[in-house]
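J.: My questions will all concern the structure given below.
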Amino acid sequence: AKFTMAWDRAAFVAIHPESRDKYAKALADQMAPGGKVLMCTMSYDTSKMDGPPFSLSPEQVADHCGQYFSMEKLDSRDIIEFTPEFREAGLTEVFEDTLLLTRLPQ
Numbered sequence: 077a078k079f080t081m082a083w084d085r086a087a088f089v090a091i092h093p094e095s096r097d098k099y100a101k102a103l104a105d106q107m108a109p110g111g112k113v114l115m116c117t118m119s120y121d122t123s124k125m126d127g128p129p130f131s132l133s134p135e136q137v138a139d140h141c142g143q144y145f146s147m148e149k150l151d152s153r154d155i156i157e158f159t160p161e162f163r164e165a166g167l168t169e170v171f172e173d174t175l176l177l178t179r180l181p182q
């Protein structure tokens, strides 16, 4: 059976950028048509820090997942004040984005 709901809290941002297409396909393969994935990602200036967690913008999620999912951005906020490890790395902003992906018909 395939999943109708999933929560990706920190999985996609832990995946090396070279493996993102494989992850997107694996996620899609596990989801039923119409299934929902609540996904939280973060994006930041990669010239100051490299992951993991790797920077992953909503646009990058759409690039990797767009053939499998529709996407709605639910929220975006700068979380730098709550993440001292990112401030220590020299970042001045880190955006956490909450996305809702819906599996397209196969």
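One gets my numbering by counting positions in the sequence shown from 1 and adding 76 to each. Note that CB positions come from ideal geometry on N, CA and C, so glycine has one too.
1) Please report the residue range of the alpha helix (DSSP H) in which phenylalanine 162 lies.
2) Nearest by alpha-carbon distance to leucine 132: which of Ala90, Met81, Gly111, Gln143 is it?
3) Between the alpha carbons of aspartate 97 and leucine 114, how many angstroms are there, rounded?
4) Could you give the first and the last residue of the continuous alpha helix (DSSP H) run that contains aspartate 105?
5) What is the C-beta distance between isoleucine 155 and leucine 167, in whole angstroms, given that I count them as a contact (C-beta under 8 Å)?
6) Nearest CA to the CA of methionine 118: which residue from Pro160, Pro129, Lys124?
7) According to DSSP, simplified to helix, strand and coil, what is proline 128?
8) For the alpha helix (DSSP H) that contains glutamate 169, what are its first and last residues?
9) Is alanine 77 helix, strand or coil by DSSP?
T.: Reading from the atomic positions:
1) 160-164
2) Ala90
3) 18 Å
4) 96-106
5) At roughly 10 Å, the Cβ-Cβ gap does not stay under 8 Å, so isoleucine 155 and leucine 167 are not in contact.
6) Pro129
7) coil
8) No alpha helix (DSSP H) holds glutamate 169; DSSP gives it neither H nor E.
9) coil
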